[in-house]
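Residue numbers (our numbering), protein chains in the order written: chain A, 1 to 366; chain B, 367 to 545.
Using N, Cα and C, we set each Cβ at its ideal position, and we do this for glycine too.
Single-structure report; data block below.
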């Protein structure tokens with residue numbers, strides 16, 4: 001089985017350096033490098049860190065030869081997906097490390113549906129997921145779906161600033177469950193992406209990472225796991241019971257329809273298709289409702305102010321809430337320094353420390 | 367059992383910044399130790415603080431302690447990241463602190479040793495792990511008690527350190543440096 005010397009030899013080869021030059025790069029003399037490569041001396045902690053630093057690998061990889069799927073994906077992907085993957089890699093590494101200190105991901109699996117088509121499985125999972133939300137006294141029509149997802153399912157949700165062209169990803173490992181979404185001026189799309197990624201997580205689709213450049217892409221929807229995730233998202237965001245109640249025996253006027261789209265915070269188009277799929281409206285009505293824009297629906301429903309707030313919320317970055325909570329808890333318990341928490345916030349640790357101490361002092365005064 | 371004293375690189379820099387490494391050498395009294403990463407950090411700092419240049423060849427901190435057991439290396443890497451806020455992308459950042467605290471906590475020959483650092487956040491954590499800690503101000507107090515320097519001289523020296531952009535806890539007065 002390949003060991004550290006084999007991996008270092010591989011780096012020497014790929015770097016194009018001769019052994020003497022490589023040794024100089026990492027601060028070893030030729031003799032020490034030679035002994036380390038032959039196994040008569042072991043590479044030290046500092047040697048490995050210097051190699052990792054110079055050749056852009058990790059110390060863990062040098063020791064184990066294993067690279068987490070997220071790290072591979074981040075290394076081999078460019079553009080906005082790379083930005084999202086880097087964030088996911090960072091957050092999942094932090095969670096894995098925190099788990100070792102006693103703060104694991106508080107993931108709550110959704111009871112799985114083993115039978116039926118992929119679409120049926122997605123809908124069954126959505127019903128189970130809605131039951132869990134109801135037990136936690138949370139409702140699917142709440143504006144803050146990331147918060148609901150974190151509290152009810154125990155998966156972290158982060159929103160990172162990305163240009164258009166990448167909707168989101170779901171990262172899953174033994175230690176971490178994470179959804180990363182791009183900022184978006186279209187809150188309903190971001191909401192659908194979140195539900196779609198949650199669908200991947202609750203279905204246990206990937207041990208690693210699942211990228212969704214475009215959750216509305218029709219060619220992507222042919223993939224069975226995408227069908228299941230889409231079906232989950234649709235049934236989760238637009239529960240059949242709510243829709244049946246809204247339609248009632250009188251049917252839906254355009255105003256009713258607009259109000260329902262605003263209430264559930266979905267696009268009129270998605271709602272129209274969902275109603276049609278449930279045979280609550282016919283094809284003609286679907287075609288009539290479908291072209292309605294989110295802004296027009298908000299105007300009809302007199303909920304423009306609420307839409308404006310949702311657009312602002314979806315356009316803003318968001319840190320993974322559970323990770324933030326647990327990173328601070330680890331600091332508060334004395335298990336870590338304040339630095340990981342400050343890093344997560346992107347804050348200067350000294351300034352943050354001062355701010356926290358001031359806050360404590362102010363509370364004392366009051 | 368000998369209790370060793372492990373100054374962090376920032377502490378070495380404090381004394382180097384005022385050209386008084388002799389003072390910390392005297393306080394450590396032959397019990398000073400450093401890990402390989404602290405020695406490396408000092409060599410990097412020597413680019414700016416020339417007083418540090420001879421430190422590796424001087425023997426008063428002894429040979430840098432090398433850590434080569436793979437299990438130890440992995441545990442240090444985890445401490446460096448999760449406790450001290452290092453990242454995979456910067457594998458050398460906080461390595462000296464992580465190595466030092468690890469060997470003091472886990473290697474029987476260094477049990478009970480002191481870690482000397484002026485990073486109060488890291489010191490808080492180390493104390494909670496049962497590691498004895500000291501700061502530059504404590505070393506100065508010892509130096510005054512040992513007669514290596516007067517309290518007024520030590521007070522002035524510490525002010526010079528902060529003037530040199532070093533970050534350390536300062537006494538309110540010279541009197542505070544007398545035990």
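Amino acids of chain B, ordered along the chain, whose beta-carbon sits closer than 8 Å to that of residue 180/A: Your numbering for residue 180/A matches position 180 in the first chain. Here the premise fails: no neighbours, minimum Cβ distance about 17 Å.
Quick check on the DSSP output: the beta strand (DSSP E) that includes residue 159/A runs from which residue to which? Position 159 of the first chain holds residue 159/A. Element bounds for residue 159/A: 156-160.
Helix, strand or coil, according to DSSP, for residue 143/A in the structure here? Position 143 of the first chain, counted from the first residue, corresponds to residue 143/A. Reduced to three states, the DSSP call for residue 143/A is coil.
Report buried or exposed for residue 358/A, applying the criterion of at least 16 other Cβ atoms within 10 angstroms of its Cβ. As a first step, residue 358/A must be located in the first chain, where it is residue number 358. Exposed, by the Cβ-count rule.
Residues of the region 328-340 of chain A with a CB closer than 9 Å to any CB of chain D: list them in chain order, please. Included in the structure are the protein chains A and B, with no chain D among them.
Could you pull the DSSP bridge partners for residue 481/B from this structure? Here the question's residue 481/B lines up with position 115 in the second chain. Residue 481/B pairs with 372/B and 499/B.
Which residues bound the beta strand (DSSP E) around residue 169/A? In the first chain, counting from the first residue as 1, residue 169/A sits at position 169. Per DSSP, residue 169/A belongs to the beta strand (DSSP E) from 168-172.
Give the interface partners of residue 60/A over in chain B, defined as CB-CB distance under 8 Å, in chain order. Here residue 60/A refers to the residue found at position 60 when the first chain is read from its first residue. Result: 440, 443 and 454.
If you compare alpha carbons, which of 482/B, 455/B and 443/B is closest to residue 371/B? What you label residue 371/B is simply residue 5 of the second chain in a count that begins at 1. Ranking 482/B, 455/B and 443/B by Cα distance to residue 371/B puts 482/B first.
Proximity below 9 Å, CB of residue 118/A to CB of residue 176/A: Within the first chain, the letter at position 118 stands for residue 118/A. Within the first chain, the letter at position 176 stands for residue 176/A. Result no, Cβ atoms of residue 118/A and residue 176/A do not sit closer than 9 Å.
Where residue 23/A falls, given that 16 or more other Cβ within 10 Å makes a residue buried: Translated into the one-based positions of the first chain, residue 23/A becomes position 23. Buried, because 16 or more other Cβ atoms sit within 10 Å of the Cβ of residue 23/A.
Can you say whether residue 346/A is buried or exposed, counting buried as having 16 or more other CB atoms within 10 angstroms of its CB? The residue given as residue 346/A occupies position 346 in the first chain. Answer is exposed; the Cβ neighbour count stays below 16.
Reference residue 519/B, options 389/B, 433/B, 374/B and 379/B, closest by Cα: Here residue 519/B refers to the residue found at position 153 when the second chain is read from its first residue. For the residues 389/B, 433/B, 374/B and 379/B, the minimum Cα distance to residue 519/B belongs to 389/B.
Would you kindly work out how many angstroms separate the C-alpha atoms of residue 433/B and residue 89/A, rounded to a whole number? Sequence index remark: in the second chain, residue 433/B carries index 67 (1-based). Sequence index remark: in the first chain, residue 89/A carries index 89 (1-based). Each residue's alpha carbon lies about 27 Å from the other.
9 Å Cβ cutoff met for residue 48/A and residue 4/A: Position 48 of the first chain, counting from 1, holds the residue named residue 48/A. Position 4 of the first chain, counting from 1, holds the residue named residue 4/A. The answer is yes: Cβ separation under 9 Å.
Mind checking who residue 208/A pairs with in its DSSP beta bridge? Here residue 208/A refers to the residue found at position 208 when the first chain is read from its first residue. The partner list for residue 208/A (beta bridge, DSSP) reads 172/A.
Give the range of the beta strand (DSSP E) segment to which residue 182/A is assigned. Taking the first chain and counting its residues from 1, the one referred to as residue 182/A is at position 182. Run containing residue 182/A: 177-182, per the beta strand (DSSP E) assignment.
Chain A contact for residue 490/B (CB, 9 Å cutoff): As a position in the second chain, residue 490/B is number 124, starting the count at 1. Yes, contact with chain A.
Enumerate in chain order the residues of its own chain whose CB-to-CB distance from residue 63/A is below 8 Å, with the five nearest sequence positions on each side excluded. Along the first chain, one-based indexing puts residue 63/A at 63. Cβ within range, chain order: 4 and 48.
By alpha-carbon positions, which one of 331/A, 315/A and 322/A ends up nearest to residue 104/A? Locating residue 104/A in the first chain gives position 104, where the first residue counts as 1. The option with the nearest alpha carbon to residue 104/A is 322/A.
Are the Cβ atoms of residue 96/A and residue 173/A separated by less than 9 Å? Here residue 96/A is taken as the residue at index 96 of the first chain, counted from 1. Here residue 173/A is taken as the residue at index 173 of the first chain, counted from 1. In contact: residue 96/A and residue 173/A (Cβ atoms closer than 9 Å).
Can you tell me whether residue 318/A is helix, strand or coil according to DSSP? Taking the first residue of the first chain as position 1, residue 318/A is located at position 318. It is a strand residue.
Between the C-alpha atoms of residue 226/A and residue 334/A, what's the straight-line distance to the nearest angstrom? As a first step, residue 226/A is located in the first chain; it is residue number 226 there, counting from the start. As a first step, residue 334/A is located in the first chain; it is residue number 334 there, counting from the start. Going by the C-alpha atoms only, they are around 43 Å apart.
Would you call the CB atoms of residue 256/A and residue 246/A closer than 9 Å? The residue labelled residue 256/A in the question sits at position 256 within the first chain. The residue labelled residue 246/A in the question sits at position 246 within the first chain. Cβ distance < 9 Å, so residue 256/A and residue 246/A count as in contact.
Can you list, in chain order, the residues of the region 490-517 of chain B whose Cβ is nearer than 7 Å to any Cβ on chain A? 491 and 494
Span of the alpha helix (DSSP H) around residue 25/A: As a position in the first chain, residue 25/A is number 25, starting the count at 1. Taken as a continuous stretch (DSSP letters only), the alpha helix (DSSP H) holding residue 25/A covers 19-25.
Buried or exposed (CB count within 10 angstroms, at least 16 for buried), residue 301/A: To locate residue 301/A, count along the first chain from 1; it is residue 301. It is buried - the Cβ of residue 301/A has at least 16 other Cβ atoms within 10 Å.
Would you mind stating whether residue 181/A and residue 167/A have Cβ atoms separated by less than 9 Å? Locating residue 181/A in the first chain gives position 181, where the first residue counts as 1. Locating residue 167/A in the first chain gives position 167, where the first residue counts as 1. It is a contact, given that the beta carbons lie within the stated cut-off.
With residue 301/A as the anchor, note down where its alpha helix (DSSP H) starts and where it stops. For the purposes of this step, residue 301/A is taken as residue 301 along the first chain, with counting starting at 1. Careful: residue 301/A lies outside any alpha helix (DSSP H) and carries neither H nor E.
Residue 191/A: buried (16+ other C-beta within 10 angstroms of its C-beta) or exposed? Residue mapping note: residue 191/A aligns to position 191 of the first chain, counting from 1. Per the 10 Å Cβ criterion, buried.
Distance cutoff 9 Å, beta carbons only. Does residue 43/A sit that close to anything in chain B? One-based indexing of the first chain puts residue 43/A at position 43. It does: the Cβ of residue 43/A has a partner Cβ on chain B nearer than 9 Å.
Note down, in chain order, every chain B residue with its Cβ under 7 Å from the Cβ of residue 63/A. If you number the first chain from 1, residue 63/A lands on position 63. Those within 7 Å of residue 63/A in chain B are 436, 439 and 440.
In angstroms with no decimal places, state the Cα-to-Cα distance between residue 312/A and residue 143/A. Translated into positions along the first chain, residue 312/A becomes position 312. Translated into positions along the first chain, residue 143/A becomes position 143. Rounded to the nearest angstrom, the two C-alpha atoms are 12 Å apart.
Is DSSP giving residue 456/B helix, strand or coil here? In the second chain, residue 456/B corresponds to position 90, counting from 1. In the structure shown, residue 456/B sits in a strand (DSSP, three-state: E or B).
Helix, strand or coil: which one does DSSP assign to residue 401/B? Locating residue 401/B in the second chain gives position 35, where the first residue counts as 1. Of the three classes helix, strand and coil, the one that applies to residue 401/B here is strand, per DSSP.
Please list the terminal residues of the continuous alpha helix (DSSP H) segment that includes residue 246/A. As a working mapping, residue 246/A is identified with position 246 in the first chain. Counting along the chain, the alpha helix (DSSP H) containing residue 246/A begins and ends at 240-247.
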